Each structure stands twice: as C-alpha cells, then as structure tokens.
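Below you'll find the structure, written out as structure tokens, and then a few comments.
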Amino acid sequence: AFPSEVTFRDLGQEMPSLFAHSGYLYAVKNGDLTVLKVGDPPVLSETATLTTSGTASDVFTKNNFAYIADGTSGLIIADVSDPANPNQVDSHDTAGEASAVFATDSHIFVADGSSNKILIFSTAYSIELSSPNGGEVWSAASNQEITWTASGSIANVMLAYSLNNGSTWSTIIASTPND
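Residue numbers (the working numbering): 1 to 179.
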C-alpha cells in the first residue's frame, strides 16, 4: 500500500525527530520535547512541551518514558505517563553530544556523535520504599521523612502519593537526588 497525505500541521519549527506512541506524537521541536495529541480524523493538537537543558535532536518512547538525545546535556529521561505533563526524571551525561536514541525493555542506546561512540545504558533497576511502608497516621501539615533503597542507575526520583489506591497521584517533589 502506498500512503497518501490526509492533512498536515505547520508547527513553525524544524522537527528533526518524531515518534508516535499510544495516540500521541512526540516531536523534537526547537530543541525541546513537544507532545502532540493525534485526533481522529488525524488532527494534531499541541499538548505539552518539556524544555530540556541542552538541544534535543532525537526522541524515543517506551513504557511511559521518553528518552531524549539532548546534545551536550546527554541523555534525558522523562516520565510521559501523563502526556499533558511530561516530567524529567533522570539524565546521564555523555562524553560528547548525544544525537540519537533508541530503547528496548532492558537497554537504552545513545549515539554520541562527537565521541563516535554508541553508549549502552541498562534499564535494570529497582526501588523500594522503606518509610512510610503502610498504615502510618500522620497529622496534617507535619514533616515526615521518606526513605527508600535503590539499585541500578537511578540519579533522581519523583515522590508522589495516592489516596485512592493509585487511581490518581499527587506529586510531593518532581525530582530529588537518589541519595
């Protein structure tokens, strides 16, 4: 079958990379990640933008994460489980300039153009909440310590809580060092 153009959307900027996943189009636009909703009939509506610290050149999404090749800032990992609110959760510096990215269930591959290398990152990691661990009763507006143990390469974590068994989540802090 040969494709035929059904519509277009002028976004006013060059987009060197596009990746479609679950009704959304993830685009590198103006050096940042732009999320577009794909409607039916095919209409694109801009949903969100994640400003990165470098100049994004490529994006790949898998398992609710967007992996972004972000130039001299290296690899950026964003949680896109809520496409309207992409949130950077991790980053990894590369030796030069990250220019392309691809991910499998177990690895992330980053082309680092200026070093002429393909870097391979493992996605094997785990995190376990130590405290609170269930059943605690806390006074409103009180300060409590949240602790966890982690294995693998996890630079930052997002802390959130749910009052309805995970149907909705409220963010405590979007990103904090895993220390």
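Cβ coordinates follow ideal geometry from the N, Cα and C atoms, glycine included. If you're wondering where the values come from, they're calculated on a predicted model, not measured in any experiment.
Item: If you drop the 5 nearest sequence neighbours on each side, which residues of the same chain put their C-beta closer than 7 Å to that of Thr168?; Value: Ser162
Item: Classify Gly135 as helix, strand or coil using the three-state DSSP reduction.; Value: coil
Item: Considering only residues of the same chain and omitting the five flanking positions on each side of Ile146, which have a CB-CB separation below 8 Å?; Value: Leu129, Ser131, Pro132, Leu159 and Ile172
Item: On the CB-based measure, 16 or more other CB atoms within 10 Å of its CB, does Ala141 come out buried or exposed?; Value: exposed
Item: Cβ of Leu33 within 8 Å of Cβ of Ile68?; Value: yes
Item: Going by CA-CA distance only, name the one from Pro41, Glu46, His21 and Gly23 that's closest to Leu12.; Value: In the sequence as displayed, the identity of residue 12 is Gly instead of Leu. Closest option to Gly12, Cα to Cα, is Glu46.
Item: To the nearest angstrom, report how far apart Val137 and Gly113 are at their CA atoms.; Value: 52 Å
Item: Just to confirm my understanding: we take Val101, look at its own chain, exclude 5 residues before and 5 after, and list those with CB closer than 8 Å. What are they?; Value: Asp58, Val59, Phe60, Tyr67, Ile68, Ala69, Leu75, Ile108, Phe109, Val110 and Ala111
Item: Tell me the residue span of the beta strand (DSSP E) that contains Ser170.; Value: Ser170 to Pro177
Item: Are Ala95 and Ser115 close, meaning C-beta to C-beta below 8 Å?; Value: yes
Item: Pull up the DSSP beta-bridge partners for Thr51, would you.; Value: For Thr51, which the question treats as bridged, DSSP gives no partner whatsoever.
Item: Closer than 7 Å by C-beta to Phe19: which residues in its own chain qualify, once you throw out the five before and the five after it? Chain order, please.; Value: Tyr26, Val59, Phe60 and Thr61
Item: Around the Cβ of Thr51, are there at least 16 other Cβ atoms within 10 angstroms (buried) or fewer (exposed)?; Value: exposed
Item: In angstroms, rounded to a whole number, what distance separates the CA positions of Gly54 and Thr72?; Value: 6 Å
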